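To start, the structure itself, in structure tokens.
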Amino acid sequence: MRIRKLDLYVLRELFLPLLAGTLVLAILFEGNEFIALYKYQISQMPPLAIVQLAVVKLPGWLTFCLPGGLAFAVSLVVSRLVRESELTAMRSAGIPIRRVLVAVLVVGVAFSGASMLLLERIVPVASKKFMKLSQEFAIVAANPKFESNVMIKLSPYTARFGSVERTSDRKLSLKDVLLVEEPAPKRLWITMADTGTYDDGVWTLTGARFFALEDTSLVSFKVLKEFKVNQKIEVPDLFSASLPTDETVEMLWQQVQEERRLGRSSRKQEVQFYAKFANAASCFFIALVSAVASVRVARYGAFAGVFVSLVMAAVYINMFIVATEIIGQHGWLAPMPAAWLADVILGLFGVTLAARME
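So the mapping is simple: the working numbering equals the position in the sequence shown, first residue as 1, plus 498.
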């Protein structure tokens, strides 16, 4: 489909509201971030440090700002087209309403791509930077010095610890340690220990038990007085809560595969994996609903469409949280349907509204 003057006109009308709506929401989120930071009693910190912490949080907030800004802009522009009879003139010229909204849907697709780029490439890096700065400025006092069921990659092992306790800045005390290595297909090496330590790059397991499995047969068993692995890590990383947006799709899928290999439930990781795509796709569905809803309710007032669209965006966010954090995590639906549930409901609502449009 060729880009016509109609598309360029709609895109030009959308530009300023999109920019303004997204920036306003970003400023609101950043204001809340500053308030949250000051709750840690960081009044003695350098102002530049506070700004740094707030800035690295911005990419994460933008994943919410993009759908909200899109809902605001689309509803505002479409409502104006209806209110000033421009849409009526276009229909009189033989242009269907659906054709007028093509540019809006293209913007929705573009915003979905931008959201996925944020979630996959920028947010994970920014989240790690935030935690690093938080540790440097000592404002994570609320983080526990104890963490359970920690899983990390210690090449060539996948390591799981029943509990991890920090004894000093560079030292850890470990309990219920499990190391898994797959040297070849259908071969598995498992090392288990009740206790262990980490000291500046050296992992030491005491009284380790080594199992070598081939297919379903045990081919070797050893008890080792000490078992060491040399690999340095960032100690604060073990005490940072991992959020879905802090990890890439590849990392999440690796976790799913690892959980399955260990015979554990991978539901949490699977829900998070599919939720990344559903979250990004929400921009398209919000653009669709905002556009058709604004046409439908335009007769009720100049800003009726804006109000309905913003309410729908807020409802979607809450549905998404309920679907991924409750329905998906409790197994009421399979991981993929649970992650996409809010998008499907929003999409069906938009299609229903658009069904009788010309």
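Ideal Cβ placement from N, Cα and C applies to all residues, glycine included. Here the structure is a predicted model, which means the values were calculated and not measured.
Run the CB neighbour count on D697, radius 10 Å, all protein chains shown included, and call it buried at 16 or more, exposed below. For the purposes of this step, residue 697 is taken as residue 199 along the sequence shown, with counting starting at 1. By the 10 Å Cβ count, D697 comes out exposed.
Cutoff 7 angstroms; reference L615; Cβ partners in own chain excluding five residues on either side: Reading the sequence shown from its first residue, position 117 is the one you call residue 615. Answer for L615: no residue qualifies.
Should V806 and V795 be called a contact, given that it needs their Cβ atoms to be closer than 9 angstroms? Within the sequence shown, residue 806 is the residue found at index 308, counting from 1. Within the sequence shown, residue 795 is the residue found at index 297, counting from 1. Cβ distance < 9 angstroms, so V806 and V795 count as in contact.
V549 - DSSP class collapsed to helix/strand/coil: By 1-based counting over the sequence shown, the position of residue 549 is 51. DSSP places V549 in helix when its eight states are reduced to three.
Please report how far the alpha carbon of L661 lies from the alpha carbon of Y507, in whole angstroms. Taking the first residue of the sequence shown as position 1, residue 661 is located at position 163. Taking the first residue of the sequence shown as position 1, residue 507 is located at position 9. Checking the displayed sequence, the identity of residue 661 turns out to be Ser instead of Leu. Looking at the two C-alpha atoms, the distance is approximately 59 angstroms.
Can you tell me whether T586 is helix, strand or coil according to DSSP? To locate residue 586, count along the sequence shown from 1; it is residue 88. The answer is helix: DSSP assigns T586 an H, G or I state.
Suppose contacts are defined by Cβ-Cβ distances below 9 angstroms. Is E679 in contact with R759 by that definition? As a position in the sequence shown, residue 679 is number 181, starting the count at 1. As a position in the sequence shown, residue 759 is number 261, starting the count at 1. No, the Cβ-Cβ distance between E679 and R759 is not below 9 angstroms.
When the distance is taken between beta carbons, is L617 closer than 9 angstroms to K774? The residue you call residue 774 lines up with position 276 of the sequence shown. The residue you call residue 617 lines up with position 119 of the sequence shown. Yes, the pair counts as a contact, with Cβ atoms nearer than the cut-off.
Reducing DSSP to helix, strand and coil, say where A710 ends up. As a first step, residue 710 must be located in the sequence shown, where it is residue number 212. If DSSP states are grouped into helix, strand and coil, A710 belongs with the strands.
Closest by CA to F801, which one among F725, R581, V747 and V522? Translated into positions along the sequence shown, residue 801 becomes position 303. When each option's Cα is compared against that of F801, the closest is R581.
From the DSSP output, in three-state form, read off W830 for me. Sequence index remark: in the sequence shown, residue 830 carries index 332 (1-based). It is coil, neither helix nor strand.
Given a threshold of 16 other Cβ atoms within 10 Å of its Cβ, counted over all protein chains shown, does I637 qualify as buried or as exposed? Numbered from 1 along the sequence shown, position 139 holds the residue referred to as residue 637. With a pLDDT of only 45 at I637, under the threshold of 50, the placement of this residue in the model should not be trusted; the figure read from the coordinates follows. Its Cβ being crowded by 16 or more others within 10 Å, I637 is buried.
Taking 7 angstroms as the limit between beta carbons, can you name the residues of its chain near A778, skipping five residues before and five after? On the sequence shown, position 280 is the one that residue 778 refers to. The residues are S610, S613, M614 and L617.
So what's T746 in DSSP terms, helix, strand or just coil? Here residue 746 refers to the residue found at position 248 of the sequence shown. If DSSP states are grouped into helix, strand and coil, T746 belongs with coil.
Suppose you measure from the CA of A552 to the CA of E724; what does that come to, to the nearest Å? Residue 552 sits at position 54 when you count from the first residue of the sequence shown. Residue 724 sits at position 226 when you count from the first residue of the sequence shown. Their Cα atoms are separated by approximately 45 angstroms.
Proximity below 9 angstroms, CB of V576 to CB of S788: Position 78 of the sequence shown holds residue 576. Position 290 of the sequence shown holds residue 788. Closer than 9 angstroms, so yes.
Given A547 as reference, the closest of V717, W701, A608 and M629 once Cα atoms are compared: If you number the sequence shown from 1, residue 547 lands on position 49. Cα-wise, what sits closest to A547 is M629.
From A682, L526, F513 and L686, residue whose alpha carbon lies closest to that of A601: What you label residue 601 is simply residue 103 of the sequence shown in a count that begins at 1. It is F513 whose Cα lies nearest to the Cα of A601.
Does L509 come out as helix, strand or coil in the three-state DSSP assignment? Translated into positions along the sequence shown, residue 509 becomes position 11. DSSP places L509 in helix when its eight states are reduced to three.
Do you know whose CA, among F708, G699, A706 and T704, lies nearest Q729's CA? Along the sequence shown, read from residue 1 onward, the residue named residue 729 stands at position 231. Selected option, being the one with the closest Cα: G699.
Here's the rule I'm using: 16 or more other beta-carbon atoms within 10 Å means buried, otherwise exposed. How should T850 be labelled? Within the sequence shown, residue 850 is the residue found at index 352, counting from 1. Burial call: exposed.
If I measure Cβ to Cβ from V804 and keep anything under 7 angstroms in the same chain, skipping five residues before and after, which residues do I get? Residue numbering aside, residue 804 sits at position 306 when the sequence shown is read from its first letter. Excluding sequence neighbours, V804 sits near F570, S573, L574 and S577.
Kindly list the residues whose CB is nearer than 6 angstroms to the CB of A712, restricted to its own chain and excluding five residues on each side of it in sequence; keep chain order. Mapped onto the sequence shown, residue 712 falls at position 214. The residue you asked about is not Ala; residue 712 is Glu in the sequence shown. Counting only Cβ-Cβ distances below 6 angstroms, and skipping sequence neighbours, we find R685.
Per-residue burial, Y772 [other beta carbons within 10 Å of its own, 16 or more giving buried]: Within the sequence shown, numbered from 1, the residue matching residue 772 stands at position 274. Buried.
In the DSSP assignment, find the beta strand (DSSP E) that holds R685 and state where it starts and stops. Sequence index remark: in the sequence shown, residue 685 carries index 187 (1-based). Its beta strand (DSSP E) spans residues R685 to D697.
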